[in-house]
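A.B. asks: Handing you a structure now.
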Amino acid sequence: MSLYRSTPENEKKDQFLDQSLTVSTGVIDAYIIECFDGVAMLLPQNIVLSAIDCETVESYVTWHEDQLPVYAVNDPQIQQGIALIIEGEGIAQRFAIMCTSMPRTVRLRISELTDDHRENTNPFVYQYVVFENRLFYIPDLNEIFNSLQKKESI
218 MSLYRSTPEN
228 EKKDQFLDQS
238 LTVSTGVIDA
248 YIIECFDGVA
258 MLLPQNIVLS
268 AIDCETVESY
278 VTWHEDQLPV
288 YAVNDPQIQQ
298 GIALIIEGEG
308 IAQRFAIMCT
318 SMPRTVRLRI
328 SELTDDHREN
338 TNPFVYQYVV
348 FENRLFYIPD
358 LNEIFNSLQK
368 KESI
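Mapped onto the numbering used here, the consecutive letters of the sequence shown carry residue numbers 218 to 371.
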């Protein structure tokens, strides 16, 4: 199953769980990414190919000789950060998420996540969830990648 949405909006599956759930245990290994704009991101670890130290002002990072576009959630005042290299459906769909620091790792059970049904006006948010009494968002990686592609074509 893919973490990237490939079905119409009304048929989408929970991409976070599809890719990340260990069926036998119901456990997900995830990163908690502190986002400069407020709500932290919850991202499954198994879609992160690598974490590299780099300057945060870059709009691209080089990874294995490929130039990958950057989706920045870091504090813009911080000069050095961590770029998480995100797996795509193919090599051409890879990109980086720029973080202020290395995200915290967490192992969570599906039963510990609660959907938060607040209005979502951010196209990069797939779903809001509550974990350990804190609000997080699960990113819509398709929308993020598509927005990065649009920036490239401008």
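Glycine residues also receive a C-beta, built at the ideal position from the N, C-alpha and C atoms. All of these numbers come straight from a predicted model, not from anything done at the bench.
Among all the DSSP beta bridges, which residues are the ones paired with Arg326?
C.D. replies: According to DSSP, Arg326 bridges with Val244.
A.B. asks: Phe341 to Asn263, Cα distance in whole Å?
C.D. replies: 20 Å
A.B. asks: Within 10 angstroms of the Cβ of Asn359, are there 16 or more other Cβ atoms? Answer buried if so, exposed if not.
C.D. replies: buried
A.B. asks: Is the segment 311–324 close to the segment 246–253, with three or more CB pairs under 8 Å?
C.D. replies: yes
A.B. asks: CB Ile299 to CB Ala268, shorter than 8 Å?
C.D. replies: yes
A.B. asks: How many angstroms separate the CA atom of Glu282 from the CA atom of Ser364?
C.D. replies: Roughly 22 Å between the two C-alpha positions.
A.B. asks: In or out: Asp270 buried (at least 16 other Cβ within 10 Å) or exposed?
C.D. replies: exposed
A.B. asks: Along the chain, which unbroken stretches of the beta strand (DSSP E) at least 3 residues long are found entirely within the segment 272–340?
C.D. replies: Listed in chain order, the complete beta strand (DSSP E) runs (minimum 3 residues) inside the segment 272–340 are 277–280, 283–289, 297–303, 312–316, 321–326 and 331–333.
A.B. asks: For the candidate residues Trp280, Thr273 and Asp333, whose alpha-carbon lies nearest to that of Met319?
C.D. replies: Thr273
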